[in-house]
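Report on the structure given below.
Numbering (our numbering), first residue to last: 10 to 142.
Dropping the structure here:
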């Protein structure tokens, strides 16, 4: 009977160490996937901010008066708008900039670049669209 004294102590210690490493690995995987989820949300926000900037650029380009091409060409040359989405639900911490380039008379290239978030969860997206008069 004396040969088995203390046998459970090394087994229990081994089980505790193995379970500790398993829980550490699980915690690390969970924290990495939560960071990836946040990054995905910020990336989608940046895409929506860039789309909104393009829509605003198109609005400034063609409205209030799109009856003649020369005024639209002039608005394109001067279109360089920065947009701050602070206070807008879903786009907080997002900014965007939209510019217009006259590709040829009556053909406009609008480029929008947006960024959302900060630090390691920052995302930047760019969109370019073509509009014809």
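By construction, the Cβ of each residue, glycine as well, lies at the ideal position given by its N, Cα and C atoms.
In the DSSP assignment, the beta strand (DSSP E) including residue i goes from what residue to what residue?
i          : result
residue 89 : 89 to 93
CA-CA distance, residue i and residue j?
i           : j           : result
residue 23  : residue 38  : 23 angstroms
residue 55  : residue 46  : 14 angstroms
residue 109 : residue 57  : 19 angstroms
residue 44  : residue 116 : 42 angstroms
residue 61  : residue 75  : 20 angstroms
residue 135 : residue 126 : 15 angstroms
residue 66  : residue 111 : 13 angstroms
residue 97  : residue 64  : 16 angstroms
residue 49  : residue 122 : 18 angstroms
residue 128 : residue 51  : 12 angstroms
residue 100 : residue 132 : 12 angstroms
residue 82  : residue 73  : 14 angstroms
When we look at the beta-carbon of residue i and count the other beta-carbons within 10 Å, is it buried (16 or more) or exposed?
i           : result
residue 172 : The question about residue 172 has no answer, for the chain in this structure spans 10 to 142.
residue 124 : buried
residue 119 : buried
Quick one: which unbroken beta strand (DSSP E) runs of 3-plus residues sit fully inside the stretch 106 to 141? Chain order, please. With a minimum length of 3 residues, the continuous beta strand (DSSP E) runs that stay inside the stretch 106 to 141 are 116 to 125, 132 to 141.
For the stretch 54 to 91, list the alpha helix (DSSP H) runs that are entirely contained and at least 4 residues long, ordered along the chain. Those alpha helix (DSSP H) runs which fall completely within the stretch 54 to 91 and span 4+ residues are 78 to 87.
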